[in-house]
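Residue numbers for the sequence shown, in full-length UniProt numbering: 1 to 303.
By construction, the Cβ of each residue, glycine as well, lies at the ideal position given by its N, Cα and C atoms.
The structure displayed is predicted, hence computed values, not measured ones.
The structure appears below as structure tokens.
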Amino acid sequence: MGPCSEDPHLCWASWLLGFSSLLLNVCSTGVKSPGAHDAGGHDSGSYVSLKGIRGGSVWFHVTKESGTELEEIVWAFGPAIKYTVMLKVRNRSEETPTWVNLQDKYMQRVYVPNMTSLRIENLTREDSGQYQAHVILTGGMESHQIFYLTVYEPVPLPQIQVQSVSTTPGWCNITLECRAAGVTEDLNVTWESKDLPRELEPARNSWTLAVSLPLSQHNASLTCVVSNSKDRKTVTSSLGKVCAHDSQGQASTGTLKAILGPIVAVPLILGVGLYLWKTHEKKKKMEIGRGRCRTAGGTQEPG
């Protein structure tokens, strides 16, 4: 018979020791440090976020640990569970990349300048998505590197239009609008000011902006900044010139009124004078005619 039949306590201790040993063994094989390789030689991979502009280019760079040699890189496009292999690159200088799929979409735009780099030119919005580099190293080691590319539209060149401008004693009141052609829902707009007093700095989160400027601030300006996650464009408006133009316009209007007043008044006065003179001459001729008639009637002798 075994020892358990002779001493139940010894049997219980032996069973507990065996269970503890099994538990420790499971824990030691199941727990891995971050970045460690598994038994098959695969690493946990890496994730890189890339941004591009439609019509521009983007680079994909594969990183490798020092002391390792690359044998082959397989580039693919699509999510991890349903991707399409694009091309394969082997570490032989005499070999060119071998295309597998997606030639019609990428072949004229994809370049492989070296073993660890890939470049896509003339980007389109449809190029956005996930790319994978399956790296095979010497010794059977493998790794996966994932790139997520987002292609943005170029930011259109904005324009600043003056909606209204008015001057009061010592102040110039301006309303400006920053405009950009095309779709603007994905664009951000901010305003940057120069030589404006801090208390006069406008709110910077709107396409339309109203600001009051002291007339003494001749060099003040506002810059409209339109941007997305990859591109930005700016345009600047000189507030001093806008206010000066309005002041000149008001001055010109006053001068024009001063000039037009006499020009309009003189013909009017001459016209009234001529009318009165003609009326007077007409009355005078009528009186002379009546006098002749009376004279002719008084000299006539009775028959």
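As for any beta strand (DSSP E) of minimum length 3 sitting wholly inside the stretch 47-105, the runs are 58-61, 70-77 and 84-90, ordered along the chain. Looking from the CA of I53, the closest CA among K241, N228, A244 and S238 belongs to N228. Counting along the chain, no beta strand (DSSP E) covers E126, and no H or E run does either. A residue is called buried once 16 or more other Cβ atoms fall within 10 Å of its Cβ, and P113, having fewer, is exposed. In the three-state scheme derived from DSSP, where H, G and I count as helix and E and B as strand, V225 is classed as strand. V74 and Q145 do not touch by the CB rule: their CB atoms are close to 11 Å apart, not below 8 Å. Bridge pairing for A210: T175 [DSSP].
Per the DSSP secondary-structure output, K194 pairs in a beta bridge with S221. Contact between the stretch 76-83 and the stretch 54-63 is absent, with fewer than three C-beta pairs closer than 8 Å. Contact between E72 and K88 holds, with the beta-carbon distance rounding to 6 Å and staying under 8 Å.
When the five nearest sequence neighbours on each side are left out, the beta carbons in the same chain lying within less than 7 Å of the beta carbon of N219 are those of D195 and G240, in order along the chain. Its Cα nearest to that of S193, the residue C224 stands out among F60, C224, L102 and T279. Contact between the stretch 167-185 and the stretch 205-216 is present: 3 or more CB-CB pairs across the two stretches fall below 8 Å. In the DSSP assignment, T236 falls within the unbroken beta strand (DSSP E) covering R232 to S238. Checking the DSSP bridge columns, you'll see V162 partnered with L176. S221 sits close to T236, with the two beta carbons spaced by under 8 Å. Taking the Cβ atoms as the reference, V62 lies roughly 6 Å from V135, within the contact range of under 8 Å. The beta carbons of S128 and T150 sit about 5 Å from each other, so the pair counts as a contact at 8 Å. Non-local beta-carbon contacts of F77 in its own chain, meaning distances under 7 Å to residues more than five positions away in sequence, involve Y83, T84, M86, L102, G129 and Y131 in chain order.
When the beta-carbon positions are compared, R109 and E121 come within less than 8 Å of each other. Beta-bridge analysis with DSSP links R119 to W59 and Y111.
DSSP places V151 in the strand class (E or B) of the three-state scheme.
Beyond the five residues adjoining it in sequence on each side, P197 comes within less than 8 Å, by CB distance, of P214 and Q217 in the same chain, given in chain order. Distances from the CA of T184 to each of S206, Q163 and T167 were compared; the closest alpha carbon is that of S206.
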